[in-house]
Amino acid sequence: TKVYLADDEVRDLESNTNNQAVKEMLDYFTLSSDAEVRVEDGEQILIGDPTETALVVASLACDQTKKDLLTQYTYVDELSFDSTRKMMTVVYQLNDKYITITKGAPDVVLHRSVNKVNKSFEANDAMASDALRVLAVAYKIYDVLPSEINSDELENELTFVGLVGMIDPPRPEVKEAISLAKGAGVRTVMITGDHK
Numbered sequence: 016t017k018v019y020l021a022d023d024e025v026r027d028l029e030s031n032t033n034n035q036a037v038k039e040m041l042d043y044f045t046l047s048s049d050a051e052v053r054v055e056d057g058e059q060i061l062i063g064d065p066t067e068t069a070l071v072v073a074s075l076a077c078d079q080t081k082k083d084l085l086t087q088y089t090y091v092d093e094l095s096f097d098s099t100r101k102m103m104t105v106v107y108q109l110n111d112k113y114i115t116i117t118k119g120a121p122d123v124v125l126h127r128s129v130n131k132v133n134k135s136f137e138a139n140d141a142m143a144s145d146a147l148r149v150l151a152v153a154y155k156i157y158d159v160l161p162s163e164i165n166s167d168e169l170e171n172e173l174t175f176v177g178l179v180g181m182i183d184p185p186r187p188e189v190k191e192a193i194s195l196a197k198g199a200g201v202r203t204v205m206i207t208g209d210h211k
C-alpha cells in the first residue's frame, strides 16, 4: 500500500503506479521473489508465499509482469532467505553485467547499503508505526560474476533502492473468534515479529 524511494517521502502505491522509479523498485522486488501470479478464466491465481505474491501483484499494478522481466534478466544463482541474515539475494545476468538484488528487513539492508540516510530509517519507522509490514530492496552491479556466491561478497556495499509497506489485515472470521474466546474467559494478546 505504501512505497518509499531512497531519500524521498513515503507515498501511496495506488497514486504512484505510473512513477518510473516506483516501477523499477517493484521490478527489483519481483525479480527477488519466487512467487507467481497467473490469470485463469479472468481470475488471479496467486502461487507462493503471501508476502512475495503481494510484491508481484504490486508490480502488476504498474503493468509489469515477472515474465516480461525475465526476457531481460537471466537467472544465475541465489542465497535463500534465512532468519539469521533476515534477507535473501538473487543473482541475474543483465546484458554483459551481473546484478545482485537483495531484499529483506529494512534495518539489515539499510545498514549494509552505501547510500543510507536518516530519512530512510524514519520512513521505515513511519510505515511500521502504521502497522505495515516493511521490506527493503537494494542491488549491486558486477562486471564479472563473483567467484564466491556468499553473503560476505553479495550482501555488503549495496545501493539501497527503497521500501514497500504492506498491510496484512485480519481475516473476517477473526472478530468472531476473539469474541468467542473473550466470552469463554480467555484474554487475547496479539504478537507480531515484524517490528518492535
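For what it's worth, the numbering used here labels the leading residue of the sequence shown as 16, then goes sequentially.
Ideal placement from N, C-alpha and C gives every residue a C-beta, glycine not left out.
Rounded Cβ spacing between MET103 and GLY119 (contact assumed at less than 8 Å): 6 Å
Write down every uninterrupted run of the alpha helix (DSSP H) in the stretch 112-157 whose length is 4 residues or greater and which is fully enclosed by it, in chain order. 121-126 and 133-144
By how many angstroms is the C-alpha of ASN33 removed from the C-alpha of SER135? 22 Å
My assumption, with CB atoms under 8 Å, is that SER144 sits in contact with THR174. Please give the rounded CB distance. About 26 Å; that fails the 8 Å criterion.
Within 10 angstroms of its Cβ, does GLY177 collect 16 or more other Cβ (buried), or is it exposed? buried
Once you ignore the five residues that flank LEU109 on each side, which residues in its own chain have a CB closer than 6 Å to its CB? TYR88
What is the DSSP secondary structure of THR16, reduced to helix, strand or coil? coil
Does ILE156 pass the burial test, meaning 16 or more other C-beta atoms within 10 Å, or should it be called exposed? exposed
Between the Cα of ASP49 and the Cα atoms of TYR154, ALA138, LEU70 and LEU75, which residue gives the shortest distance? LEU70
Output the distance between the C-alpha atoms of VAL179 and PHE44, rounded to the nearest integer angstrom. 9 Å
Please name the residue in ASP83, ILE116 and ASP111 whose C-alpha comes closest to that of PHE96. ILE116
Keeping to the same chain, check which residues put their C-beta closer than 8 Å to that of VAL132; ignore five residues upstream and five downstream. ALA21 and ASP22
Strictly by DSSP, which residues pair up with TYR88? LEU109
Collapsed DSSP secondary structure at TYR179 in the structure displayed: The residue you asked about is not Tyr; residue 179 is Val in the sequence shown. Correct three-state label for VAL179: strand.
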